[in-house]
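Per UniProt numbering, the sequence shown starts with residue 1, numbered consecutively.
Heads up, the beta-carbon is just placed ideally off N, CA and C, and yes, glycines get one too.
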Amino acid sequence: AAAAPSSAAGRERARAARAERLAARARRDAERREAAVGDGCRFRPRCPYAMDACTRRPPETEVGPGHRSLCWLRTDTNDSVVGFSA
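Next comes the structure, spelled out in structure tokens:
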């Protein structure tokens, strides 16, 4: 581990370097997610209902005032998903 900076300027440089490392990691994580999911549903890798259609961007469905869903399983008429019941 590097020695702790002793001046205010050194501490600020260390903070800036850490912020850049964190930003670079976030960019790499986002790139990995995009490569894994592509244009499809972002929840596909962990969704128990994922299907072939989920590799494409789902349609946007209004599910309430100011609320929208992006899911191939959503219906326009109720809160359940097509073919599945709670």
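If distances are taken between C-alpha atoms only, which option among Tyr49, Arg56, Glu62 comes closest to Cys41? Arg56
What does the alpha-carbon distance come out to for the pair Cys71 and Ser6? 53 Å
Assigned secondary structure, Gly66 (DSSP; H/G/I helix, E/B strand, else coil): coil
By DSSP, does Arg56 sit in helix, in strand, or in coil? coil
DSSP state of residue 138 mapped onto helix, strand, coil: This structure does not reach residue 138, given that the chain is present from 1 up to 86, and the question cannot be answered.
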